[in-house]
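See structure below.
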Amino acid sequence: MSFPLPLLSILVPARNEEQCIEGCIRSLLMQDYEQLEVLVLDDQSTDATTTIVEQVLVELPENQKGRLRLLHGENLPSGWIGKNFACHQLALHARGSYLLFTDADTIHKPDMARAVIDCMYRFNAQLLTAQPGHLMQSAGERLVVPLLNFTILTLLPVALISRRPEPSLATGNGQLLCFERQAYEKIGGHAGVKGRILEDVLLARATKFAGFRMVFVDAQDLVCCRMYRSFAEVWAGFSKNLFALYSYSLPLALFALILNLALFVLPLALILTAPFTGLSFTAVLLALFAYLLPVGMRILLTLRFPHS
117 MSFPLPLLSI LVPARNEEQC IEGCIRSLLM QDYEQLEVLV LDDQSTDATT
167 TIVEQVLVEL PENQKGRLRL LHGENLPSGW IGKNFACHQL ALHARGSYLL
217 FTDADTIHKP DMARAVIDCM YRFNAQLLTA QPGHLMQSAG ERLVVPLLNF
267 TILTLLPVAL ISRRPEPSLA TGNGQLLCFE RQAYEKIGGH AGVKGRILED
317 VLLARATKFA GFRMVFVDAQ DLVCCRMYRS FAEVWAGFSK NLFALYSYSL
367 PLALFALILN LALFVLPLAL ILTAPFTGLS FTAVLLALFA YLLPVGMRIL
417 LTLRFPHS
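Take any residue in the sequence shown, count from 1 to its spot, add 116: that is its number in this note's numbering.
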């Protein structure tokens, strides 16, 4: 990039993140982007999150200490969700003309920040969001987490998200959400979605509604995260967000449930029960085709988005 680099504020809300916060911070401090500050807000953690961040601060060379700031979160006001309030506080303390929100369970390659700013300048975008790579170790993670990519790429017209202005063609991912500051403030920031789950998606829609441009990119080579560490965490995380994904609409959620059962369960059930139901050979072949189609899609996505 030949233009003067804007100051980028990387904002990390953290609550009880002792297992991952150090790796996240150190990866952010290794960015090859000079005009950068990293702000971590400890949202009243009850574990060693603050101690770990303070230790990283102590170990930084004197000429690097200004790059990292540790903030302590205020008490949660009525009507706010914890993460949204943490992000709101971070934005208030940030000095940058670009605000990059990321989660504490992410790890960033050294060229992440430079690539993000370069992409936003190239496409004249006021918001960039991305699909990161996923780190998985347990069987439950490997079974369920890849369905995120499957859901996004089968339910969303991804090619249109960056090309069309309609708010309905918008999505956001809080693991990497970078705003031009003026646009963030004009749409109301996190205060505008203070009590809402899936705030990242709502902020993306608000960005387009205000007439700004957003881009959605594949960042698996720049950012990776481990969202959950057990099947219990996977279940809790998906249970919390799934209904919100369908805009809290019971008919829409039921339709999605029936559609998924018809696509993924019914064909296999027909094949397995064919010897007992007298299903015709042609019907079995059709059921087999219907079953192999989504399986093939899942295989293609696994090859396109390999997971550790």
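The C-beta atom is built at its ideal place from N, Cα and C for all residues, glycine as well.
So residue i is in the alpha helix (DSSP H); what residue range does that whole segment cover?
| i | result |
| --- | --- |
| Ser213 | It is not in any alpha helix (DSSP H) - Ser213 carries neither H nor E in the DSSP assignment. |
| Thr222 | Unbroken run through Thr222 is the beta strand (DSSP E), 222-224; no alpha helix (DSSP H). |
| Gly256 | 255-260 |
| Thr398 | 397-420 |
| Thr167 | 165-175 |
| Ala307 | Premise fails: Ala307 is in no alpha helix (DSSP H) and is neither H nor E. |
| Val381 | Taken as a continuous stretch (DSSP letters only), Val381 belongs to no alpha helix (DSSP H), as it is neither H nor E. |
| Arg238 | 228-238 |
| Ala275 | 274-277 |
If I measure Cβ to Cβ from residue i and keep anything under 6 Å in the same chain, skipping five residues before and after, which residues do I get?
| i | result |
| --- | --- |
| Ala307 | His204 |
| Leu384 | Tyr407 |
| Ile126 | Leu144, Val154, Leu216 |
| Gln160 | Gly189 |
| Phe426 | The displayed coordinates of the chain run from 117 to 424. Any statement about residue 426 would go beyond what the structure contains. |
Once the 5 residues before and after residue i are set aside, which same chain residues still bring their CB inside 7 Å of it?
| i | result |
| --- | --- |
| Pro226 | Met146, Gln147, Asp148 |
| Gly305 | His204, Ala207 |
| Ala164 | Glu134 |
| Leu269 | Leu417 |
| Leu272 | Thr287 |
With respect to the beta strand (DSSP E) encompassing residue i, which residues constitute its N-terminal and C-terminal limits?
| i | result |
| --- | --- |
| Asp159 | Run containing Asp159: none; DSSP gives neither H nor E here. |
| Ala335 | Premise fails: Ala335 is in no beta strand (DSSP E) and is neither H nor E. |
| Pro129 | 124-130 |
| Cys136 | First-last for Cys136: undefined, no H or E at that position. |
| Phe295 | 293-296 |
| Leu187 | 184-188 |
Classify residue i as helix, strand or coil using the three-state DSSP reduction.
| i | result |
| --- | --- |
| Gln247 | strand |
| Phe328 | coil |
| Leu152 | strand |
Label residue i either buried or exposed according to how many other C-beta atoms from any shown protein chain fall within 10 Å of its C-beta, with 16 as the threshold for buried.
| i | result |
| --- | --- |
| Gln253 | exposed |
| His250 | buried |
| Glu170 | exposed |
| Tyr344 | buried |
| Phe201 | buried |
| Gln247 | buried |
| Tyr237 | exposed |
| Glu178 | exposed |
| Leu401 | exposed |
Tell me, to the nearest whole angstrom, how far the beta carbon of residue i is from that of residue j; I am working on the premise that it is less than 8 Å.
| i | j | result |
| --- | --- | --- |
| Arg342 | Asp221 | 6 Å |
| Ser143 | Ile223 | 5 Å |
| Gln291 | Asp337 | Between Asp337 and Gln291 the Cβ distance is about 14 Å, and since that is not below 8 Å, they are no contact. |
| Ala320 | Lys302 | Actually they do not touch by this definition, with Cβ atoms about 14 Å apart. |
Within a Cβ cutoff of 8 Å, which residues of the same chain sit near residue i, ignoring the five residues on either side of it in sequence?
| i | result |
| --- | --- |
| Lys324 | Pro281, Glu282, Pro283, Leu285, Ala286, Met330 |
| Gly353 | Met343, Tyr344 |
| Pro122 | Gln151, Gly212, Ser213, Tyr214, Ile233 |
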